[in-house]
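Below: one structure, written as C-alpha cells.
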Amino acid sequence: MLLPLMALLLGLFIGQVAKINISAALATYMSVALLAALDSVLGGIRASLEGNFDDLIFVTGFFSNALLAGVLAFIGDKLGVNLYMAAIFAFGVRLFQNLAIIRRILVQNVSNWFHERRE
Numbered sequence: 619m620l621l622p623l624m625a626l627l628l629g630l631f632i633g634q635v636a637k638i639n640i641s642a643a644l645a646t647y648m649s650v651a652l653l654a655a656l657d658s659v660l661g662g663i664r665a666s667l668e669g670n671f672d673d674l675i676f677v678t679g680f681f682s683n684a685l686l687a688g689v690l691a692f693i694g695d696k697l698g699v700n701l702y703m704a705a706i707f708a709f710g711v712r713l714f715q716n717l718a719i720i721r722r723i724l725v726q727n728v729s730n731w732f733h734e735r736r737e
C-alpha cells in the first residue's frame, strides 16, 4: 500500500511545485491520462488492502492505462469523435467502484478493531 500512496503524494507535490502550463489543446489528453493514473492508484490501494498487491502490476498498469487513455483521446480527436468520453466513463466507474471497496474494507477493519478492544 505504500507505493501507490507515495506515488499519489509525489504527484501532488510535483503538481503544486512545478509551474507547468498545459495548453487548451492538450487539456483533454492530460485530464483523461490523469483520470487513468488516479484509477491505477486507487486500484493499487485496493489491491494492497485485499492483500494481493504487486509492484510490477501497479507500475505497468499505471503507465499503460494513462497511455491507452491518451491514445484513445488522440484517435478520437483525429476522427472527430469524442472517444475520450468512453475513457472518462470507464475510468470514472472504476474509480467509484474502487473507492467503495476501499471504504468498505476500512470500515470493516475499524469495526473489527473496536470489537477486539471490547473483548
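When we follow my numbering, the leftmost residue of the sequence shown carries the number 619, and every step to the right adds one. Just so it is clear, CB atoms sit at the ideal spot from N, CA and C, and this is done for glycine as well.
{"Item": "Is the distance from the Cβ of Gly688 to the Cβ of Ala651 below 8 Å?", "Value": "yes"}
{"Item": "Does the distance from the CB of Val677 to the CB of Leu626 come in under 8 Å?", "Value": "no"}
{"Item": "Tell whether a beta-carbon distance below 8 Å holds between Gly662 and Phe671.", "Value": "yes"}
{"Item": "With Leu621 and Asp657 assumed to form a contact (beta carbons below 8 Å), what rounded beta-carbon distance in angstroms separates them?", "Value": "Actually they do not touch by this definition, with Cβ atoms about 15 Å apart."}
{"Item": "What is the DSSP secondary structure of Asn683, reduced to helix, strand or coil?", "Value": "helix"}
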